[in-house]
Every structure is written in structure tokens, then in C-alpha cells.
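**Student:** First residue of the sequence shown? That's 1 in the UniProt record's numbering, and the numbers climb one at a time after it.
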Amino acid sequence: MRIIIFGPPGSGKGTQAKKIAAHFNISHLSTGNMFREAISQGTELGKLVESIIDQGHLVPDQTVVDLVEETIDKEEYNGGYIIDGFPRTVEQAVAFDNLLERRNESIDAFLSLHVPDEELVKRLLARGEGRSDDTEEKIRTRLDVYKKETAPVMDHYQQAGMFRSIDGTGTIDEIFERALSALPSK
Ligand code: AP5
Numbered sequence: 001m002r003i004i005i006f007g008p009p010g011s012g013k014g015t016q017a018k019k020i021a022a023h024f025n026i027s028h029l030s031t032g033n034m035f036r037e038a039i040s041q042g043t044e045l046g047k048l049v050e051s052i053i054d055q056g057h058l059v060p061d062q063t064v065v066d067l068v069e070e071t072i073d074k075e076e077y078n079g080g081y082i083i084d085g086f087p088r089t090v091e092q093a094v095a096f097d098n099l100l101e102r103r104n105e106s107i108d109a110f111l112s113l114h115v116p117d118e119e120l121v122k123r124l125l126a127r128g129e130g131r132s133d134d135t136e137e138k139i140r141t142r143l144d145v146y147k148k149e150t151a152p153v154m155d156h157y158q159q160a161g162m163f164r165s166i167d168g169t170g171t172i173d174e175i176f177e178r179a180l181s182a183l184p185s186k
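Laid out in C-alpha cells, this is it:
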């Protein structure tokens with residue numbers, strides 16, 4: 001099973017991806033988590049992306065695509081995965097299509113979470129882990145970037161016929177139940 005989970009900042013991609021990965025016994029790939037880990041370890045990649053992420057902008061497409069390619073090559077991703085935070089531009093989506101084609105693989109579902117802006121801002125401001133991009137100003141920048149650069153990715157997957165969209169409001173368990181109903185069964 002290979003799934004993309006998609007939505008604006010704060011829509012619950014990471015929260016739901018963890019639960020879906022456990023349910024299907026697949027790996028969870030979060031580009032945001034991988035970048036934050038690289039920053040905290042002070043790697044070359046971390047140094048390259050730190051100020052971009054801090055400002056709420058997007059890391060260059062090729063950097064992200066290379067990271068995803070390197071990651072899904074690892075053995076633990078052979079049994080399937082759910083990707084959260086990628087693709088985030090139409091260019092990344094096209095590069096991912098090409099990458100999967102070279103590997104003779106395909107995506108089973110693209111799951112989009114819908115949450116109103118006010119709820120997104122509320123959730124991100126309430127997050128307790130002190131992310132440097134969770135200030136009100138940077139959250140607004142991230143939402144603008146999402147609308148301009150990331151939302152068009154939905155059209156790309158709608159055309160490919162694997163698009164599923166669910167209401168991302170309510171309790172975490174209610175959303176998880178909706179997600180399972182929208183996804184292909186095991
Ligand atoms: P990334 O880490 O992907 O951040 P994001 O998209 O801004 O998403 P978040 O992690 O903030 O939210 P989420 O949707 O995962 O929700 P979560 O479950 O955490 O990316 C960070 C940065 O990295 C980007 O800005 C960019 O710079 C860079 N980057 C990453 N990927 C890239 C790419 N492909 N291309 C270019 N750049 C890239 O939930 C949020 C909060 O809400 C949590 O506190 C959670 O507990 C809470 N919550 C969740 N569900 C509920 C609920 N139902 N009710 C109430 N609270 C809830």
C-alpha cells in the first residue's frame with residue numbers, strides 16, 4: 001500500500017499518517033520531520049534548509065525529490081508507505097510520477113484533509129512543541145504558500161483518479177475512521 005496524505009499546515013497529516021501507518025503496517029515518511037531532524041543534527045542538508053523552513057517557505061524541489069528517492073530506496077519502505085508533506089508543488093508531483101514509473105510502482109490513494117483556516121491557525125498556535133515556524137505571522141505565510149504553490153497538486157491527482165477527500169475536523173479518532181473508509185482496504 002502506498003498512500004499520499006495531503007492538506008494545509010495543521011490539517012493533521014502527521015497525526016493521521018502515524019495512525020494509518022500503524023493500521024496498515026507500513027512506513028511513515030514525513031519530509032518535514034526529516035528536515036527538522038537534519039537541522040537538529042546540524043547536517044549539510046539541515047544547514048541548507050534551516051532558514052527556508054524557519055521563514056515558512058518551501059525547500060527547493062530537487063532537494064526534496066532527492067531526499068524522497070533516497071528514503072524510499074531503503075528496505076523498510078519496500079512493504080509500503082504513507083507520505084506526509086510531499087509532493088508540495090506540481091513539479092514535485094511530476095518528478096514523483098517519474099520516479100515511481102522508473103521503479104515500476106504506483107500510488108494507491110491520495111488522501112486530502114479539509115480543515116477551515118481558523119481551525120488550522122488555532123491548532124498550530126496551540127501546538128506545545130515550540131516549532132520555530134509556528135508563530136502567527138509564519139503560519140499565515142505557510143498558509144499563503146500552501147494556497148499558491150501546494151493546493152494545485154490536488155488537480156494533478158484528481159486527474160490520475162486516485163483522489164479521496166475527507167473532512168479533517170472533529171476528534172482525531174473520528175477523522176481516522178473517515179480516513180479508513182476512504183482508503184482501499186488492506
Ligand atoms: P511540515 O512538517 O510538512 O509542516 P506543515 O505542512 O506545515 O504541517 P504541520 O506539521 O504543521 O501540520 P500537519 O498537517 O502534519 O498536522 P499535525 O498532525 O502536525 O513541513 C514543514 C516545513 O518543511 C515546510 O514549511 C517547508 O519549509 C518544509 N518542507 C517539508 N516538505 C516539503 C516539501 N515537500 N517541499 C518543500 N518544502 C518542504 O497537527 C498539527 C497540530 O494539531 C498538532 O499539535 C496536533 O496535535 C493537532 N491536531 C491534529 N489533529 C487534531 C484534531 N483533530 N483536533 C485538534 N487538534 C489536532
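Heads up, the beta-carbon is just placed ideally off N, CA and C, and yes, glycines get one too.
Could you please give the first and the last residue of the uninterrupted beta strand (DSSP E) stretch that includes I4?
**Tutor:** Start and end: R2 to F6.
**Student:** Please report how far the alpha carbon of L67 lies from the alpha carbon of D133, in whole angstroms.
**Tutor:** In a straight line, the C-alpha of L67 is about 21 angstroms away from that of D133.
**Student:** How about L45: is its Cβ closer than 7 angstroms to a heavy atom in the ligand AP5?
**Tutor:** no
**Student:** Please state whether the Cβ-Cβ distance between K149 and R88 is less than 8 angstroms.
**Tutor:** It is Glu, not Lys, that sits at residue 149 in the sequence shown. Yes, these two residues count as a Cβ contact at 8 angstroms.
**Student:** Using three-state DSSP, classify L113 as helix, strand or coil.
**Tutor:** In the three-state scheme derived from DSSP, where H, G and I count as helix and E and B as strand, L113 is classed as strand.
**Student:** Measure the alpha-carbon distance for L45 versus P60 and round it to whole angstroms.
**Tutor:** 12 angstroms
**Student:** Note down, one range per segment and in chain order, each alpha helix (DSSP H) of at least 4 residues found wholly within the stretch 53 to 113.
**Tutor:** 61 to 72 and 90 to 102
**Student:** Give the DSSP-derived three-state secondary structure of S30 in the structure shown.
**Tutor:** strand
**Student:** Between the stretch 159 to 178 and the stretch 102 to 115, can you find at least three pairs of beta-carbon atoms closer than 8 angstroms?
**Tutor:** yes
**Student:** Excluding the 5 residues preceding and the 5 following E91 in the sequence, name in chain order all residues of the same chain whose CB lies nearer than 8 angstroms to its CB.
**Tutor:** D61
**Student:** In this structure, how does DSSP classify S165 when only helix, strand and coil are distinguished?
**Tutor:** Of the three classes helix, strand and coil, the one that applies to S165 here is strand, per DSSP.
**Student:** Does the distance between the C-beta of K186 and the nearest non-hydrogen atom of the ligand AP5 fall short of 7 angstroms?
**Tutor:** no
**Student:** Using three-state DSSP, classify L120 as helix, strand or coil.
**Tutor:** helix
**Student:** Looking at C-alpha atoms only, which residue of H156, L124, A38 and G80 is the closest neighbour of A95?
**Tutor:** H156
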